[in-house]
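These notes are about the structure you will find just below.
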Amino acid sequence: MEQRLDTSKGWCCDGRTWVEHAQKDGHCCQPEGQKLEDLPVEGQRKARQRVAQGKSA
Ligand SMILES: [Zn+2]
1 MEQRLDTSKG WCCDGRTWVE HAQKDGHCCQ PEGQKLEDLP VEGQRKARQR
51 VAQGKSA
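Position one of the sequence shown corresponds to residue 1 (the working numbering), numbered consecutively onward.
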């Protein structure tokens, strides 16, 4: 199944997008519009990986 990376609302601290976390738990732990650069190092790395994968898919 294809999953789209919706980064319109920014990122969650764990490397998911804001939208993904919000869809799963009803809300995200981060404020909307969180930028990739503002994530903790670990989350940033995961997020960047996912962006790279999303582009090649
Ligand atoms: Zn979250």
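Note that the Cβ used here is the ideal one computed from N, Cα and C, for glycine as well.
Here the structure is a predicted model, which means the values were calculated and not measured.
To the nearest angstrom, how far is it from the Cα of residue i to the Cα of residue j?
i: residue 25; j: residue 41; result: 23 Å
i: residue 51; j: residue 6; result: 10 Å
i: residue 38; j: residue 29; result: 14 Å
i: residue 15; j: residue 21; result: 10 Å
Just to confirm the assignment, what range does the alpha helix (DSSP H) spanning residue i have?
i: residue 11; result: No alpha helix (DSSP H) holds residue 11; DSSP gives it neither H nor E.
i: residue 23; result: 18-25
Between the Cα of residue i and the Cα atoms of the options, which residue gives the shortest distance?
i: residue 27; options: 45, 11, 39; result: 11
i: residue 46; options: 22, 4, 13, 9; result: 13
i: residue 9; options: 34, 53, 43; result: 34
Original post:
Can you list, in chain order, every residue whose CB sits closer than 7 Å to a heavy atom of ligand 1?
Top reply: 12, 13, 14, 16, 18, 21, 28, 29, 30
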